[in-house]
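4 protein chains.
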Amino acid sequence: MDFAPPPDSLAALTIALREFAAERDWDAFHNPKNLVMALSVEVAELMEHFQWLPAAAAADLPAASKAQVRDELADVLLYLVRLADKLDVELVTAGYDKIQKNALKYPADKARGSMRKYTEL
Amino acid sequence: MDFAPPPDSLAALTIALREFAAERDWDAFHNPKNLVMALSVEVAELMEHFQWLPAAAAADLPAASKAQVRDELADVLLYLVRLADKLDVELVTAGYDKIQKNALKYPADKARGSMRKYTEL
Amino acid sequence: MDFAPPPDSLAALTIALREFAAERDWDAFHNPKNLVMALSVEVAELMEHFQWLPAAAAADLPAASKAQVRDELADVLLYLVRLADKLDVELVTAGYDKIQKNALKYPADKARGSMRKYTEL
Amino acid sequence: MDFAPPPDSLAALTIALREFAAERDWDAFHNPKNLVMALSVEVAELMEHFQWLPAAAAADLPAASKAQVRDELADVLLYLVRLADKLDVELVTAGYDKIQKNALKYPADKARGSMRKYTEL
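Protein chains in written order, with my numbering: chain A, 1069 to 1189; chain B, 1069 to 1189; chain C, 1069 to 1189; chain D, 1069 to 1189.
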């Protein structure tokens, strides 16, 4: 019996991206310095959809924008996964570790309803 | 028999972040416009570690930087997951869809060893 | 008779920054690739002040934020001037040239009250 | 006798941009929150030209890229000037003030040949 990789797994996505880059000889370009720049560029392409909108409209995009925004979110994910791979970071584990740190820095009773920095709570 | 979500599931992480925000009444701040700004700020905090390094050194960070870089990668992931949640985008599926689009735009035999845009291949 | 450079001259600022870098042997670090990363990081430090604020509050910052925002704006200017110097671009002339291009892309009667892209006007 | 504004003056450029926005009724969109997003997007469009290049090639762009890079530098300047105007900051003065702060944080004899943060010198 065979198991497909869980559809939601970043480990499987990491491997897919390794193969994609290998087939195109792109590894020489994919150093962390270049990848963090590419990541930043993709975030800006995402941001462009929101820059002139009031906050309320930004939460309710027209359908054409939605499809583009989905692609831009995907691009951000792909470069983030690729960068984490090159830096030997297991992203989701790092994410949960960071949530725990944030829970200590921002205890619910102190941080409630405020976006002040933890140093100012 | 019970299945745990895969430990690297973004669906599970999405729920953890919803709870984290709810406990702190942060939903009012977490509109897409604000979240894309926060995402951009976290990418810049990641970038700061690489800005003055030669590409080779950027691939081989000292241990102290590595721990910070891991935290910054995590922050990028957390805001990306949170933003995708608010925009109703299933990130990993969107990622695989984008890989397929990229495979058409960048056929391996044409794109090999080059970072030119697909419009210039 | 002698003329001082206008106090808001970018040409004079460019020379001040050249001297600052030369005194510290920083030219080897100040290649365009590194400088555009530094510029991006400074813009994010500026953005951080606005990310959680409603648009109205963002236009009326408390005094403590104002002093920091002024410093961040200055940092953005300094890296922008330094980068333009390395790329042999005369910034203010380039700025006026771009305004003229924009005036053709966004004629006042068509663009009035809208932030749509010129391709969609 | 008449004096033209110095061609290099940001004060004159600030006024030109005010008029440009007023003629198009764009002031309602040009709040600091939106403008800092637009500034960030323009920096990314500039960064895109450098992301895959080795540092040496980034310092010696082909002519076609050079013209585009000049336009992107101009866009960054225009949004920076517009944002500073909305925040009542005199950019060049703020720039010189920041250079003085930096000179104290990075004394030439300590900072020579190093990009370490001033807190680590």
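By construction, the Cβ of each residue, glycine as well, lies at the ideal position given by its N, Cα and C atoms.
>> 8 Å is my cut-off, CB to CB: does B:Ser1108 come that close to chain C?
In response: It does: the Cβ of B:Ser1108 has a partner Cβ on chain C nearer than 8 Å.
> Hey, B:Ala1112 and C:Ala1112 are a contact pair by Cβ (cut 8 Å); roughly how many whole angstroms apart?
Replying inline: Contact flag correct, Cβ pair sits at about 3 Å.
> Taking just the CA atoms, how far does C:Ala1080 sit from D:Asn1102?
Replying inline: 30 Å
> Going by DSSP, which residues form a beta bridge with C:Ser1077?
Replying inline: Partner(s): D:Ser1077.
>> Using beta carbons (cut-off 8 Å, strictly below), is A:Trp1094 in contact with chain C?
In response: no
> Quick one: complete alpha helix (DSSP H) runs, 4+ long, within the stretch 1089-1175 of chain A?
Replying inline: 1100-1115, 1123-1126, 1131-1154, 1159-1173
>> Given this structure, state the Cα-to-Cα distance separating D:Gly1181 from C:Asp1093, to the nearest angstrom.
In response: So the two alpha carbons sit approximately 5 Å from each other.
>> Determine whether the beta carbon atoms of A:Leu1114 and A:Val1149 lie at a separation below 8 Å.
In response: no
> Candidates C:Ala1123, C:Glu1091, C:Asp1095: which alpha carbon is nearest D:Met1105's?
Replying inline: C:Ala1123
> Can you tell which of A:Ala1179, A:Leu1189, A:Glu1188 has the C-alpha that lies nearest to the C-alpha of B:Asp1095?
Replying inline: A:Ala1179
> So C:Asn1116 and B:Val1109 are in contact, right, with Cβ under 8 Å, and what is the actual spacing, rounded?
Replying inline: Sequence inspection shows Glu at residue 1116 of chain C; the Asn mentioned does not correspond to that position. Yes, C:Glu1116 and B:Val1109 are in contact; Cβ-Cβ is about 5 Å, under 8 Å.
> In terms of alpha-carbon separation, which member of B:Thr1187, B:Leu1107, B:Phe1088, B:Gln1168 lies closest to A:Glu1087?
Replying inline: B:Gln1168
> So, is C:Tyr1186 buried or exposed, given that buried needs 16 or more other C-beta atoms within 10 angstroms?
Replying inline: exposed
> Residues in its own chain within less than 6 Å of B:Leu1159 by CB, not counting five upstream and five downstream?
Replying inline: Excluding residues within five positions, the ones whose Cβ falls inside 6 Å are Leu1078, Ala1152.
> CB A:Ala1162 to CB B:Gly1163, shorter than 8 Å?
Replying inline: no
> According to DSSP, is D:Ile1086 helix, strand or coil?
Replying inline: Per the sequence presented here, residue 1086 of chain D reads as Arg, with Ile not at that position. Helix at D:Arg1086.
>> Strictly below 8 Å CB to CB, what residues from chain C border B:Phe1097?
In response: Trp1120
> According to DSSP, is B:Lys1178 helix, strand or coil?
Replying inline: In the structure shown, the three-state DSSP call for B:Lys1178 is helix.
> Can you tell me whether B:Leu1189 is buried or exposed, with buried defined as 16 or more other CB within 10 angstroms of its CB?
Replying inline: exposed
> Which whole-angstrom value describes the C-beta separation of C:Pro1100 and D:Ala1127, a residue pair presumed to lie in contact below a C-beta threshold of 8 Å?
Replying inline: Yes, C:Pro1100 and D:Ala1127 are in contact; Cβ-Cβ is about 6 Å, under 8 Å.
> If you count every other CB in all the chains shown that lies within 10 Å of the CB of D:Asp1177, and 16 or more means buried, which is it?
Replying inline: exposed
> For D:Glu1140 and chain A, any beta-carbon pair shorter than 8 Å?
Replying inline: The beta-carbon of D:Glu1140 is placed no less than 8 Å from the nearest beta-carbon of chain A.
>> Using beta carbons (cut-off 8 Å, strictly below), is C:Glu1091 in contact with chain B?
In response: With 8 Å as the cut-off, C:Glu1091 does not count as an interface residue toward chain B.
> In chain order, what residues of the same chain lie with their CB nearer than 6 Å to the CB of D:Asp1154, ignoring the 5 residues before and after it?
Replying inline: First, the amino acid is wrong: residue 1154 of chain D is Lys here, not Asp. These residues qualify, in order along the chain: Pro1100.
>> For C:Asp1156, count the other beta carbons within 10 Å of its own beta carbon; 16 or more makes it buried, fewer makes it exposed. Which is it?
In response: Here C:Asp1156 is exposed, its C-beta having fewer than 16 other C-beta atoms within 10 Å.
> Within 10 angstroms of its Cβ, does C:Leu1172 collect 16 or more other Cβ (buried), or is it exposed?
Replying inline: Classification of C:Leu1172: exposed, given that the 10 Å Cβ count is below 16.
> Name the chain C residues that come within less than 9 Å of D:Asp1076, Cβ to Cβ?
Replying inline: Pro1073, Pro1074, Asp1076, Ser1077, Leu1078, Ala1079, Ala1080, Glu1158, Leu1159, Val1160, Thr1161
>> Rounded to whole angstroms, what is the Cα-Cα separation between A:Ser1133 and B:Lys1166?
In response: 16 Å
> Thinking C-beta only, is C:Met1183 closer than 8 Å to D:Phe1097?
Replying inline: yes
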